[in-house]
Each structure stands twice: as structure tokens, then as C-alpha cells.
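Accompanying notes for the structure given below.
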Amino acid sequence: MKSAEGKPFIYEKNQLIEVICQLRFPTILSIEAKEPAEFQDTIRENFPVYRCQTEKLATAPNSEPKTVQNHSFIAENGGYRLSLTKNFIALSSMRYTSWEDFAHTLDEPLGQFIRIYRPAYFERVGLRYVNGVSRERLGLQERRWNDLFQPQYLSVLDSDSVDERSVNKCATDIEMKLDEHASIKLHAGPGLVRRNVRTGNGMQVVQEKESRFIFDQDLFSTGNIKLPAVMETLDLLHGHADRIFSEAITDVLHDAMDAVEI
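Residue numbering for the sequence shown follows the numbering used here, beginning at 11 and increasing consecutively.
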């Protein structure tokens, strides 16, 4: 991110739950026709763990169920996951540190994917930032949400006369164009977070007890996006995401997340 003076910084206590970049392309049948062994060989050093899952697709009622093979390649420390299907390639991280590190991690596998599968273009380039702000983890238990976020994202929670504990559901959902090339779907509001926790028998989904403020930005560009324009498009989306988050939070939350210049 960048400060008002244009100096880059990171939040040492960022509240990101997950960051996802997904690139959708016209169907490439060869990805499902055989295992992506050649692609794996080119990325195995950084993504050594392989898993494959058959996922059901949403279909119309009474129609034949459809499935898709999702090939996952996971970093040794579990910090990054690369997913490949016949329609998209995606990189996700639950240990995001900076845009520069994320973009660098994407660069090599994306280049190998383009070399091996030669997509004609990308139909949708998307970048999603899912924040879950925890007052407990930031030492802000005594603060109301309207001390941390701007009024346009709070609805009735912006009123000091409203008891936050009495509000069962309150959310702001926005869909809008940001410029000629970029759009956003944004969800903001309190909610409970579910996490995958490793146990002796594998992974278990556990729901946290604390209500966090979810600030979920799904930014995207659609159309026939040529291959050389992908990183420029992602940089554009990232710039919008930075600006929107910076304008949505107050100085109280900014300071609590410990902004450090880099």
C-alpha cells in the first residue's frame, strides 16, 4: 500500500483472511483429458504438494450433474495454493504479506501455464481481498465498528444509539464500475469466520466465536484480455483495492494494524 505521501508500506498486523487471483479463459479440454504432469514439473520446486478434487458444478434443476477436475499445487509451508481447471488458473494465499511477493509468486507458474496450454486470451481477470477485522487481536475490544470504518459501509451500525449486540445481520453489498476496465463486488459487515484447522484425523472446519468485520473486495476486468496485458490489469485492480480499503478505514484502525514503511 502507499501512504498519502506516496511512500509504500505494509501492515504488520494485516487482517487479511485470504487473497485470491483468478484468471478465467475459454475451455481447454486437454487440461482434463490428461493429468497436467508437464505443468507440474515446471512448478514442483515451489509447489511440491499435489492434490486433485472432483467438484460439482451448479446446474439447472432436473439437468444432468456436471463435474470439473480441480488440480491443486500447494507450497511446502502451505502459504500458497495454485489451482488449475479447464476454465481457470488461480493463486490463493492465507499468509499474504505484500502485493510484490504475491505477484512474484504468480509470475512463474502463469508464464509456464501460458507456454504449455497457449490460451488465446483471458475472459476474466480477478483479484479478491477478504479482510476479517478482529477487534480482539488488535486490542480494540472497547471500540465500536464506527470507530474503525467509515459510515458508508456501516448502515445502522454507524449510530451510537444502536446496541451492536442486538443487530443479528447488517451488511452493505455494492456492485459498480470503477473505471472503463475495472468493476467491483464489495461486501462489508460483521460476520463469523470459519477456518480449516488441522487435527489428528485431517482437516476440520471450525467457526470462530468472535464476530469480525468482513470487508470483501472482488475486483475484476472482463472481455478479451490479451496475454501481455494480464499483469498490467492486475496492477490496476490492486491499485483500486488499496485505495478503496484505505478510504474505508479510520485512522484508529490504520494505527492499530501497525503500518510500516518498506
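Just so it is clear, CB atoms sit at the ideal spot from N, CA and C, and this is done for glycine as well.
Segment contact: the region 116-132 against the region 219-229, fewer than three CB-CB distances shorter than 8 Å; contact not assigned. About 13 Å separates the beta carbons of R54 and S82, which is beyond the 8 Å limit, so they are not a contact pair.
Beta-carbon to beta-carbon, T64 and T77 are separated by about 5 Å, close enough to satisfy the 8 Å threshold.
Using a 10 angstroms sphere on the CB of Q217, the tally of other CB atoms stays under 16, which defines it as exposed. Per DSSP, the unbroken alpha helix (DSSP H) holding M241 starts and ends at V240 to A258. Boundaries of the alpha helix (DSSP H) harbouring E110: W109 to Y127, taken from the DSSP string. At a Cβ-Cβ threshold of 7 Å, N156 and D173 do not count as neighbours. Look at R134 here: in three-state DSSP terms it is strand. Inclusion of Q79 and E118 in the CB contact set at 7 Å is not warranted, their separation being larger than that value. Taking the Cα positions, Q122 is about 19 Å away from E110.
For E185, the enclosing beta strand (DSSP E) starts and ends at T182 to K187. When rounded, the separation of the alpha-carbon atoms in D189 and E257 is 17 Å.
From the listed residues S102, I126, L137 and R145, the smallest Cα separation to T115 is found for S102.
For G201 and V166, the gap between their C-alpha atoms comes out near 15 Å. If you draw a straight line from the Cα of Q50 to the Cα of Y90, it is about 15 Å long.
Put simply, of R105, L92 and R125 the residue whose alpha carbon is nearest the alpha carbon of E48 is R125. I272 sits in coil when the DSSP states are folded into three classes, being neither helix nor strand. In the structure shown, the three-state DSSP call for S102 is strand.
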